[in-house]
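J.:
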Amino acid sequence: MEVKLLSHTPDPERLIAIAARSCVSKRSAHELISEPDEALRRSLNKVLESGHESVIEHAYFTFSIKGISRACTHQLVRHRIASYSQQSQRYVDLRDADFVIPESIRNNGEALEAFRAAMRGAAEAYSKLLELGIPPEDARFVLPNATATNIVVTMNARELLHFFGLRCCLKAQWEIRALANAMLELARGAAPAIFERAGPYCLYKGICFEGDRECPLYEKYVLRRD
Ligand SMILES: Cc1cc2nc3c(=O)[nH]c(=O)nc-3n(C[C@H](O)[C@H](O)[C@H](O)COP(=O)(O)OP(=O)(O)OC[C@H]3O[C@@H](n4cnc5c(N)ncnc54)[C@H](O)[C@@H]3O)c2cc1C
Numbered sequence: 305m306e307v308k309l310l311s312h313t314p315d316p317e318r319l320i321a322i323a324a325r326s327c328v329s330k331r332s333a334h335e336l337i338s339e340p341d342e343a344l345r346r347s348l349n350k351v352l353e354s355g356h357e358s359v360i361e362h363a364y365f366t367f368s369i370k371g372i373s374r375a376c377t378h379q380l381v382r383h384r385i386a387s388y389s390q391q392s393q394r395y396v397d398l399r400d401a402d403f404v405i406p407e408s409i410r411n412n413g414e415a416l417e418a419f420r421a422a423m424r425g426a427a428e429a430y431s432k433l434l435e436l437g438i439p440p441e442d443a444r445f446v447l448p449n450a451t452a453t454n455i456v457v458t459m460n461a462r463e464l465l466h467f468f469g470l471r472c473c474l475k476a477q478w479e480i481r482a483l484a485n486a487m488l489e490l491a492r493g494a495a496p497a498i499f500e501r502a503g504p505y506c507l508y509k510g511i512c513f514e515g516d517r518e519c520p521l522y523e524k525y526v527l528r529r530d
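In my numbering, the protein residues as written are 305 to 530.
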């Protein structure tokens, strides 16, 4: 997969700091724009530490994601506080579509052979249906979960932290975990203070929603938190 940060709110941390400071100041946010960096940095840290998370919703991040499976995008779009634009299987001819191969299959010769045969069969059936005049919106019914796709996603910083909390977790499925980790790296580059401690919920908040005491991160981040 390829993941790029297409765009984000300009100077996201400064914007959040100004918005936070405007909550406790007689001055409006636009009057606080010229506040010195140090004062704003303190406001930002306070917001991040206090869990006053609605303030960080002001910052938006837009990612372009190329070559992930439909199985992965199905999981991604379950995150509702976001905007999506996904390559259409109705308007794009997918006769030369790529298929994402999981490592477990790639590393097993016999499984890989079976997988490739299934993908070939699906691709041939798809082409045949189009030749028979079946519209792409119906021909696509034979395409598998492995079919590669492209998607643009925009999330605000609060939703990103939640998304990373759930999907950087070792219990998350490998492909969406890889996606979440790639997005986290890019988000951290653009807004290091906001995303410094981001990651799976155990690391971010010391909570394990999976209740998995066998997980290598459980002892490190949940039990040793106190
Ligand atoms: C490891 C793992 C396994 C999973 N397995 C399954 C599975 O087997 N089957 C399955 O169906 N799903 C599964 N999911 C998906 C999961 O149930 C959620 O749909 C997905 O993670 C989106 O998370 P969310 O609902 O917290 O957040 P988002 O949609 O990202 O929303 C963020 C937050 O906003 C609030 N919110 C959003 N919409 C509403 C609303 N309508 N009402 C009230 N509050 C709202 C909630 O607080 C929510 O946490 C799995 C997810 C993970 C991480």
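Using N, Cα and C, we set each Cβ at its ideal position, and we do this for glycine too.
1) Write down the C-beta distance between residue 488 and residue 503 rounded to the nearest angstrom, noting that I regard them as a contact closer than 8 Å.
2) Go ahead and pull the three-state DSSP assignment for residue 306.
3) For the alpha helix (DSSP H) containing residue 509, name the first residue and the last one.
4) Go ahead and label residue 469 buried or exposed: buried means 16 or more other beta carbons lie within 10 angstroms of its beta carbon, across all protein chains shown.
5) Any chance the CB of residue 360 is under 7 Å from a heavy atom of ligand 1?
6) Does the distance from the CB of residue 403 to the CB of residue 451 come in under 8 Å?
7) Quick check: what's the CA-CA separation for residue 473 versus residue 369?
8) Determine whether the beta carbon atoms of residue 367 and residue 307 lie at a separation below 8 Å.
9) With respect to 7 Å, is the separation between the Cβ of residue 466 and the closest non-hydrogen atom of ligand 1 below this value?
10) Which stretch, first to last residue, makes up the beta strand (DSSP E) that contains residue 386?
11) Please tell me whether, using a cut-off of 7 Å, the distance from the CB of residue 471 to the nearest non-hydrogen atom of ligand 2 is below it.
12) Kindly identify the DSSP beta-bridge partner or partners of residue 432.
13) So what's residue 513 in DSSP terms, helix, strand or just coil?
14) Short check: CB of residue 461 to CB of residue 348, under 8 Å?
15) Is the Cβ of residue 488 closer than 8 Å to any Cβ of chain D?
16) My output table needs one value for residue 455: the three-state DSSP class, helix, strand or coil.
17) So the candidates are 325, 342 and 351; which of them puts its Cα closest to the Cα of residue 334?
18) Within 10 angstroms of its Cβ, does residue 372 collect 16 or more other Cβ (buried), or is it exposed?
19) Based on DSSP bridge pairs, tell me the residues matched to residue 368.
20) Please name the residue in 377, 486 and 431 whose C-alpha comes closest to that of residue 386.
T.: On the basis of the supplied data:
1) As a working note, residue 488 is residue 184 in the sequence shown. As a working note, residue 503 is residue 199 in the sequence shown. Right, their Cβ atoms sit about 7 Å apart.
2) On the sequence shown, residue 306 is found 2 positions in, with the first residue counted as 1. Residue state, collapsed to three classes: strand.
3) Working through the sequence shown from its first residue, we reach residue 509 at position 205. Residues 505 to 509.
4) If you number the sequence shown from 1, residue 469 lands on position 165. Residue 469 should be labelled buried.
5) Residue mapping note: residue 360 aligns to position 56 of the sequence shown, counting from 1. Result no, Cβ not under 7 Å from ligand 1.
6) Stepping through the sequence shown from its first residue, residue 403 is reached at position 99. Stepping through the sequence shown from its first residue, residue 451 is reached at position 147. Contact flag set, yes.
7) Counting from one through the sequence shown, the residue named residue 473 turns up at place 169. Counting from one through the sequence shown, the residue named residue 369 turns up at place 65. So the two alpha carbons sit approximately 20 Å from each other.
8) Against the sequence shown, residue 367 aligns to sequence position 63. Against the sequence shown, residue 307 aligns to sequence position 3. It is a contact, given that the beta carbons lie within the stated cut-off.
9) The residue labelled residue 466 in the question sits at position 162 within the sequence shown. Yes, the beta carbon of residue 466 sits closer than 7 Å to at least one heavy atom of ligand 1.
10) Within the sequence shown, numbered from 1, the residue matching residue 386 stands at position 82. Unbroken beta strand (DSSP E) run through residue 386: 386 to 390.
11) In terms of ligand content, the structure shown lacks ligand 2 and carries ligand 1 instead.
12) Counting from one through the sequence shown, the residue named residue 432 turns up at place 128. BP columns for residue 432 are empty, so no partner.
13) Taking the sequence shown and counting its residues from 1, one reaches residue 513 at position 209. Reduced to three states, the DSSP call for residue 513 is coil.
14) Counting from 1 along the sequence shown, the entry for residue 461 is found at position 157. Counting from 1 along the sequence shown, the entry for residue 348 is found at position 44. Going by C-beta atoms, residue 461 is not nearer than 8 Å to residue 348.
15) Here there is only one protein chain, and chain D is not present.
16) For the purposes of this step, residue 455 is taken as residue 151 along the sequence shown, with counting starting at 1. Strand.
17) Here residue 334 corresponds to residue number 30 of the sequence shown, with the count starting at 1. The residue with the shortest Cα to Cα distance from residue 334 is 325.
18) Position 68 of the sequence shown holds residue 372. So residue 372 ends up on the buried side.
19) Locating residue 368 in the sequence shown gives position 64, counting from the first residue. Note: residue 368 sits in a beta bridge opposite 308 and 456.
20) The residue labelled residue 386 in the question sits at position 82 within the sequence shown. The residue with the shortest Cα to Cα distance from residue 386 is 377.
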